[in-house]
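Quick note: the sequence shown, position 240, residue 241 per our numbering, numbers continuous.
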Amino acid sequence: MFNAASVPSCPSSSSTFSDALSGFGWTAELAELFTPLAEAGLVPARIVRVDRGQCDAVLADPGTGETRTVRLDTRPVGDADMINCPCTGDWAAVDLDAQPMAAVTALLPRTTAIIRKVAGKRSDGQVLAANVDTVLIASSLAADPDLGRIERFLALAWESGAEPVVVLTKADLVDDAEFIRADVEGVAPGVTVLVVSAETGEGMDVLRACTPGTTALIGQSGVGKSTLTNALAGADVMAVQAARDVDQKGRHTTTTRELTALPGGGVLIDTPGLREVGLYGGEGVDLAFADIAELAEECRFHDCGHHTEPGCAVQSALADGTLPQRRWESYRKLQRENEWIASRSDARLASARLKKWKAITKSMRGEVSPVRR
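Structure follows, in structure tokens:
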């Protein structure tokens, strides 16, 4: 483990950061943003793993210019809400002289973030990965793909601001992979759908070409995410367990989100299997269902509710089978989830405003002297 106390307290040039961290996604734009922080004696680092108030991050050693992995305290910024807390993929400003251990003091603005609703009835958001360019949505061919779940993952990926790619894994276990790919392409308009096998190498070269920057790998347990990570990394960097033979359901092997550097350039963030994929609002649903959005534009009325209105292009497509009923119901279900999240968010904002004004009113009353008669 890197010891911050052994690092000389000397200013580091932005060129040192750029040379050492370029393989982890450091850019000239990030260097410009970081300039005032560097002048304050802080150094940039990319968070590779977060664990209970601490994190592992890679940074350029100010003394040697080489990249090192450092254990950092995240509590200085840990009082933020769940969305703004340090996350795997974040770029952080680090104080190496902090006591009792080096600490994250600030995060650079995120370019993208994969955010899901936390499990249960709460409407809070949880960031799965930050500053991601591509989201690989893994689905195993060892069992019939759940098209509705793939649509949900696509909405999550589009909402992040990154580019989604669907990866159908374990192609060596089936004979009809291309037919299944055609079905998946039908629910993923405008999205690349790849068929791969980490065992035989099928499709892996194409997959590597799709991961030049920062890539996040998401999907259910047992679909082969850790196996894909090892294949792309060219080493056994993640533990792997077999899916259950009886139903091909996976076991939780990956327990934390972890960033790994790839030998051909770029980095990959492997994530634990997701049983619940709650959406956190936004336009991701409309982007994932772009075909339905295009149909809606052909409706006679711009405010068509797609129920019994005359000239409804959506209902016409449902009637002639152009739009499958299953896909329409999936779209409406995700829309309702977004509407619920939006209503809860509005309620939280209203509650926060009310508390703020109550505090202001109470403060003002305390400052006004009572009138004596």
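Quick reminder that beta carbons are idealized off the backbone N, C-alpha and C, glycines included.
Near residue i, which residues of its chain fall below 7 Å by C-beta distance, leaving aside the five closest residues on each side in sequence?
| i | result |
| --- | --- |
| Met239 | Ser227, Thr230, Asn231, Thr255, Asp271 |
| Ala294 | Asp287 |
| Asp246 | Any reading at Asp246 must be qualified, since the residue scores a pLDDT of 49, below 50, and its modelled position is unreliable; the value itself is stated next. Counting only Cβ-Cβ distances below 7 Å, and skipping sequence neighbours, we find nothing. |
| Leu319 | Gln326, Trp329 |
Go ahead and pull the three-state DSSP assignment for residue i.
| i | result |
| --- | --- |
| Ser317 | helix |
| Thr257 | coil |
| Asp347 | Only weak support exists for where Asp347 lies, its pLDDT of 49 falling under 50; the value from the coordinates is given anyway. Helix, per DSSP. |
| Val224 | coil |
| Trp27 | coil |
| Thr230 | helix |
| Pro45 | strand |
| Gly214 | coil |
| Glu160 | helix |
| Ser331 | helix |
| Arg301 | coil |
| Pro1 | For the chain, the structure presents residues 2 to 374; residue 1 sits outside this window and is missing. |
| Ala21 | helix |
| Val133 | coil |
| Arg50 | strand |
| Ala114 | strand |
| Leu269 | strand |
| Leu275 | coil |
| Ala107 | strand |
| Ala262 | strand |
| Val238 | coil |
| Ala139 | strand |
| Leu288 | helix |
| Val196 | strand |
| Gly126 | strand |
Mind checking residue i: buried by the 16 CB within 10 Å criterion, or exposed?
| i | result |
| --- | --- |
| Glu152 | buried |
| Gly265 | exposed |
| Asp62 | buried |
| Pro213 | exposed |
| Thr70 | exposed |
| Ser23 | exposed |
| Ala183 | exposed |
| Thr323 | exposed |
| Phe154 | buried |
| Lys118 | buried |
| Thr36 | exposed |
| Ala41 | exposed |
| Pro165 | buried |
| Ala210 | exposed |
| Val160 | Note on identity: in this sequence residue 160 is Glu, with Val being the wrong assignment. Buried, because 16 or more other Cβ atoms sit within 10 Å of the Cβ of Glu160. |
Could you pull out every residue in the same chain whose Cβ sits closer than 8 Å to the Cβ of residue i, ignoring the five residues on either side in sequence?
| i | result |
| --- | --- |
| Val128 | Met83, Ile84, Cys86, Cys88, Ala114, Ile115, Ile116 |
| His307 | Ala297, Cys300, Cys313, Val315, Gln316 |
| Ala343 | Gly282 |
Is residue i near the ligand ATP, judged by its Cβ being under 8 Å from some heavy atom?
| i | result |
| --- | --- |
| Arg111 | In the structure shown, the ligand ATP is absent, as is every other ligand, since no ligand is present at all. |
Which whole-angstrom value describes the C-beta separation of residue i and residue j, a residue pair presumed to lie in contact below a C-beta threshold of 8 Å?
| i | j | result |
| --- | --- | --- |
| Asp91 | Leu108 | 5 Å |
| Ala94 | Leu38 | 4 Å |
| Leu60 | Val44 | 6 Å |
| Val197 | Leu208 | 5 Å |
Keeping to the same chain, check which residues put their C-beta closer than 6 Å to that of residue i; ignore five residues upstream and five downstream.
| i | result |
| --- | --- |
| Phe290 | Tyr332 |
| Ala5 | Since pLDDT at Ala5 reaches only 35, below the 50 mark, its modelled position is unreliable, and the value read off the structure follows with that caveat. Once the five neighbours on either side are set aside, the close Cβ partners of Ala5 are Leu97, Ala103. |
Every unbroken alpha helix (DSSP H) within the region 167-192, with a cutoff of 4 residues, ordered by chain
178-186
Quick check for students: name the residue ranges of the beta strand (DSSP E) that lie wholly in the region 53-105, counting only runs of 3 or more.
55-61, 68-74, 92-96
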